[in-house]
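**Student:** Below you will find the structure I want to go over with you.
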Amino acid sequence: MPKSVKPVGAEDTEELVQDAIVIAAQMLHRVELSGKKFTPGNIAYYAVLHMRSGRRSQGSSRVDTMGIGTQLDGSSSVLSFEEEVGYDPELDEPITLGQLLASEHEDPSMEAARNLDWELFLATHDYRYGVIIKGMAEGRSLKDTATAQGEWYPGMWALKNRMAEDVREYLGEEAIAESVRTPQWKASINRDREKTACRADRRRTQQPTEVNGSRA
0 MPKSVKPVGA EDTEELVQDA IVIAAQMLHR VELSGKKFTP GNIAYYAVLH MRSGRRSQGS
60 SRVDTMGIGT QLDGSSSVLS FEEEVGYDPE LDEPITLGQL LASEHEDPSM EAARNLDWEL
120 FLATHDYRYG VIIKGMAEGR SLKDTATAQG EWYPGMWALK NRMAEDVREY LGEEAIAESV
180 RTPQWKASIN RDREKTACRA DRRRTQQPTE VNGSRA
């Protein structure tokens, strides 16, 4: 099998052998049901042809992005996130596909969940909480917000303190800490980048320097 069929993408030789055995078993079953005569060589020959054409025991699609046939046609390509796609001379390290695709923006699911929490909170509490939060989001001081709403400033201050207590009770004591905590997936990427930068710094500091044309 290794000499007859080349692995595609993340496939390995063991997977190809297993797929070929399953395909051969499927062929054998169909031929026996039809009552036709066959030889082991016939089954092996056509099983290898199926494998070469991109067919596998789990399917033979040529439009599925992950499909072997699609990749053989050159319509798609499956790469590892660790695939090197460039080189960073400053860090003296290769750039991987995962680093290019990693977004620096906030996780949309976390943002949506937080917005949902706030919507439920504001819908079940004093409507003026929403006024205070809107003013904070717009960068206005509490005094300016109170003036714009025709409210008494000391009263708005007391309302803000009460809102803080209600938020802690509604969202939990760890709500503020959770809101600024870096997601685990992003923390892992940042940690890898920091390790890479540290290794590059160590290599630069360990390189001998030249003084008047000679190495120090």
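In this text, residue positions in the sequence shown follow numbering that gives the first Met the number 0: the first is 0, and each later residue adds one.
Even glycine gets a Cβ: it sits at the ideal position worked out from N, Cα and C.
Note down the Cα distance separating Ser74 from Ser52, rounded to an integer number of angstroms.
**Tutor:** Computed Cα separation, rounded: 14 angstroms.
**Student:** In this structure, how does DSSP classify Pro93 when only helix, strand and coil are distinguished?
**Tutor:** Three-state result, Pro93: strand.
**Student:** By alpha-carbon positions, which one of Gly171, Thr64 and Glu83 ends up nearest to Val77?
**Tutor:** When only C-alpha atoms are compared, the closest one is Thr64.
**Student:** One question on the structure: do Val21 and Ser56 come within less than 7 angstroms of each other, judged by their Cβ atoms?
**Tutor:** Going by C-beta atoms, Val21 is nearer than 7 angstroms to Ser56.
**Student:** Along the beta strand (DSSP E) that carries Glu14, what are the first and last residues, could you check?
**Tutor:** No beta strand (DSSP E) holds Glu14; the alpha helix (DSSP H) holding it covers Thr12 to Ser33.
**Student:** Nearest-angstrom Cα distance between Arg54 and Glu82?
**Tutor:** Computed Cα separation, rounded: 26 angstroms.
**Student:** Would the beta-carbon of Ala19 fall within 7 angstroms of that of Met50?
**Tutor:** Cβ distance < 7 angstroms, so Ala19 and Met50 count as in contact.
**Student:** Suppose you measure from the CA of Glu172 to the CA of Asp165; what does that come to, to the nearest Å?
**Tutor:** Straight-line Cα distance between these residues: approximately 11 angstroms.
**Student:** If we call anything under 7 angstroms between Cβ atoms a contact, is Ile131 one with Lys159?
**Tutor:** Against a cut-off of 7 angstroms, the Cβ pair of Lys159 and Ile131 comes out as a contact.
**Student:** So for Val240, helix, strand or coil by DSSP?
**Tutor:** This structure does not reach residue 240, given that the chain is present from 0 up to 215, and the question cannot be answered.
**Student:** Quick one: grab the DSSP three-state call for Arg167.
**Tutor:** The answer is helix: DSSP assigns Arg167 an H, G or I state.
**Student:** With distance defined between alpha-carbon atoms, name the residue in Asp116, Glu137 and Arg139 nearest to Arg167.
**Tutor:** Checking every option, the nearest Cα to that of Arg167 belongs to Asp116.
**Student:** Could you pull out every residue in the same chain whose Cβ sits closer than 7 angstroms to the Cβ of Val210, ignoring the five residues on either side in sequence?
**Tutor:** Because Val210 sits at a pLDDT of 46, beneath the cut-off of 50, its placement in the model cannot be relied upon, and the following sentence gives the value as read from the coordinates. There are no such residues.
**Student:** Hey, quick one: how far does the alpha helix (DSSP H) through Pro39 stretch, first residue to last?
**Tutor:** Residues Pro39 to Arg51.
**Student:** Tell me the DSSP bridge mates of Gly58?
**Tutor:** Beta-bridge pairing links Gly58 to Arg55.
**Student:** Would you decide whether Thr123 is buried or exposed? Buried here means 16 or more other CB atoms lie within 10 Å of its CB.
**Tutor:** Flag for Thr123 reads exposed.
**Student:** What do you reckon, are the CB atoms on Gly129 and Leu121 nearer than 7 angstroms?
**Tutor:** Yes; because the gap between Cβ atoms is below 7 angstroms, this pair is in contact.
**Student:** Starting from the C-beta of Tyr86, find all residues in its chain whose C-beta is less than 7 angstroms away, skip the five residues before and the five after it, and write them out in chain order.
**Tutor:** Excluding sequence neighbours, Tyr86 sits near Pro93 and Ile94.
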